[in-house]
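To start, the structure under review is shown below, and the notes come after it.
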Amino acid sequence: MATTLRIGNVRSHSAGFEVNRLRPSKRELELQSFVSIRGSRLRNVVSNVSEKSDKQRVGAARAAVMQAPAIPMRSRKMMKLSTTVDELKNLRLITAIKTPYLPDGRFDLEAFDSLVDLQIANGAEGLIVGGTTGEGQLMTWDEHIMLIGHTVKYFGSEIKVIGNTGSNSTREAVHATEQGFAVGMHGALHINPYYGKTSNEGLIRHFSSVLDMGPTIIYNVPGRTGQDISPSVINEISVNSNFVGIKECVGNERVGAYVEKGFSVWSGNDDQFHDARWNYGAQGVISVVSNLIPRLAHKLLFDGKDVDLNKKLLPLIDWLFVEPNPIGLNTALAQLGVIRPVFRLPYVPLSIEKRWEFVQMVHDIGREHFVGDNDVQVMEDNDFALLARF
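As structure tokens, then:
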């Protein structure tokens, strides 16, 4: 027997079985209640449609779309295994981990796993997966969520996994964040919409939409987004129980102001994180340079103020950012032999002159402080693969 379902003037036939629902589900009752509360509003909207519009719509199905109550997509198992906001607030060294590639441009998971092992062995407490450094901006969302899930599955018991699930689009950010928490990430990192910039009220609504899903760090980097997330926006969204803190790139004065308000703050500037920690009270750093020298970064954050070591590392940090991140890091890791020299365009390696400079810096600081076991090498231009299709 075929069952006919009628919605407006649209029919749908399901052949081969009958639909026999004895009573509505709990979810259906919730939605019925939600719709009935707003029923008068819906009737008013329909009654105000003009006669001309009615004539144009004769025979067409009508639908009123209203936002349903937010019901997070999560399981009891997931909630039992989840990380608390306070646990994330206590992290000090968080590495924005590099994503390495195979010659055809797919993820090199073997190299990725080795990089993560090195971070864990040298004291990193958290990872940003698919951030700017990890080239999330060059990934499909399928790749992005897969890498988050892979990291959680194999390393989630040893290090906190924070997925960069931010987006220009609130809808995309919500969807990616929901998926990220579904595959087990411990927290989310969210940037403000960077090309489709919005107002402060828009930022508040954007961040509020994702904060409801789980522990979240807000990332402020005006140098990339072209828009500063103002303290007034942070104050407004900080009341959400899932607000973890801020990755702040404006500078240490802003870091100090947030610390005075009781917020957890991570410096987003490798050249400032030592002072941010010891002079301004920052919790720690979300770091790029720790991909290269995780043990020394750990020392700067945990062993007290060390002006001499910080000064010794500043030339390396300046070198890393002579071109936009992650160009310098990709070049350095390839020269150290811990990743293949494969770049997804538009990123290209640093110049041959800069590659020679890096070799000298490694010798000055000490090869033993850098990741990997291979000798540092100067690579020629034709050693690098630059991929436009992958």
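Residues 839 to 1228 in this note's numbering are what the sequence shown spells out, letter by letter. Every residue gets a Cβ at the ideal spot worked out from N, C-alpha and C, and that includes glycine.
Own chain, CB closer than 8 Å to residue i, minus 5 neighbours either side, in chain order
i	result
Tyr1032	Asn1006, Arg1062, Thr1063, Gly1064, Gln1065
Val1160	Gly1166, Leu1188, Lys1192
Phe1222	Ala1172, Pro1179, Val1180, Phe1181, Val1186, Pro1187
Lys927	Val1082, Gly1083, Ser1102, Gln1121
Ile1000	Leu926, Ile932, Gly964, Leu965, Ile966, Val967, Met1023, His1024, Gly1025, Ala1026, Leu1027, Ile1055
Cα-Cα separation, residue i to residue j
i	j	result
Glu1191	Asp1219	11 Å
Arg895	Glu1039	Residue placement at Arg895 is poorly supported in this model, since its pLDDT is 44, which falls under 50; the coordinates are not used for a value here.
Val1077	Ser1070	12 Å
Thr1036	Trp1194	43 Å
Val884	Arg1009	Caution is warranted here: a pLDDT of 39 is assigned to Val884, below 50, making its placement in the model unreliable, and no coordinate value can be reported.
Ala1020	Ser920	10 Å
Leu1225	Gly969	20 Å
Ile1155	Asp942	30 Å
Pro1113	His988	Here residue 1113 turns out to be Asp, not Pro, going by the sequence shown. Roughly 34 Å separates the two Cα atoms.
Leu1171	Ile986	21 Å
Ile1072	Thr922	20 Å
Val1200	Val1059	29 Å
Val967	Glu1091	28 Å
Gly1142	Met1023	31 Å
Leu940	Trp979	19 Å
His1136	Cys1087	20 Å
Gly972	Gly1089	23 Å
Pro1164	Tyr1057	17 Å
Asn804	Phe1228	Since the first residue shown for the chain is 839 and the last is 1228, residue 804 is missing from the structure and cannot be characterised.
Val990	Leu1158	28 Å
Asp1202	Ile1067	39 Å
Gly994	Asp955	12 Å
Buried or exposed (CB count within 10 angstroms, at least 16 for buried), residue i
i	result
Pro1179	buried
Gln975	exposed
Asp1108	buried
Ser1105	buried
Val1145	exposed
Gln1198	exposed
Phe950	buried
Arg944	exposed
Pro1162	exposed
Leu1152	exposed
Arg1182	buried
Gly1034	exposed
Gly1100	exposed
Pro1184	exposed
Ser1128	buried
Asn1168	buried
Ser871	Because the pLDDT of Ser871 is 48, which lies under 50, any placement of that residue in the model is unreliable, and the question is left without a value.
Ser1125	buried
Same chain, Cβ closer than 7 Å to residue i, neighbours up to 5 away in sequence not counted
i	result
Gly1119	Gly1094, Val1097
Glu1074	Ile1042
Ala929	Ala is not the amino acid found at residue 929; the sequence shown has Leu there. Result list for Leu929: Glu963, Gly964, Lys998, Gly1122, in chain order.
Leu1174	Phe1208, Val1209, Gly1210, Asn1212, Val1214
Glu996	Ile958
Residues of its chain near residue i, where Cβ-Cβ distance is below 6 Å and the 5 sequence neighbours each way are ignored
i	result
Pro1132	Gln957, Asn960, Ala962
Val1176	Val1209, Gly1210
Gly1307	Residue numbering for the chain in the displayed model covers 839 to 1228; residue 1307 lies beyond these limits and cannot be assessed.
His1207	Ile1131, Leu1134
Phe1045	Ile1075
Thr1015	Thr1003, Ala1026, Val1048, Met1051
Leu1139	Arg930, Leu931, Arg1115, Gly1122
Given residue i as reference, the closest of the options once Cα atoms are compared
i	options	result
His1013	Val1048, Gly994, Val990	Val1048
Glu801	Leu947, Leu953, Val1186	No statement about residue 801 is possible, as the shown extent of the chain runs from 839 to 1228 and does not include it.
Ser1196	His1024, Val1127, Asp924, Val1214	Reading off the sequence shown, one finds Phe at residue 1196, where the question assumed Ser. Checked all of His1024, Val1127, Asp924, Val1214; the closest Cα to Phe1196 is Val1214.
Ala934	Phe1222, Asn1148, Lys1085, Gly1089	Lys1085
Pro1053	Asn1080, Ser1068, Tyr1185	Asn1080
Pro1187	Arg1205, Val1216, Tyr992, Asn1212	Val1216
Gln1110	Asn1148, Leu953, Gly1142	Asn1148
Gly1204	Lys1150, Met1023, Leu926	Lys1150
Leu953	Thr978, Tyr992, Leu926, Val1088	Tyr992
Ser1102	Ile1055, Val1126, Lys1137, Cys1087	Ile1055
Glu925	Phe1228, Val1082, Asn1117, Arg1227	Val1082
Met984	Gly1018, Lys936, Gly1089, Lys927	Gly1018
Met977	Thr937, Ile1000, Val990	Thr937
Beta-bridge partners of residue i, as assigned by DSSP
i	result
His1028	Ile1056
Ile1084	Ile1056, Val1103
Ser1125	Thr933
Lys998	Gly964
Arg1182	Leu1225
Phe945	Tyr939
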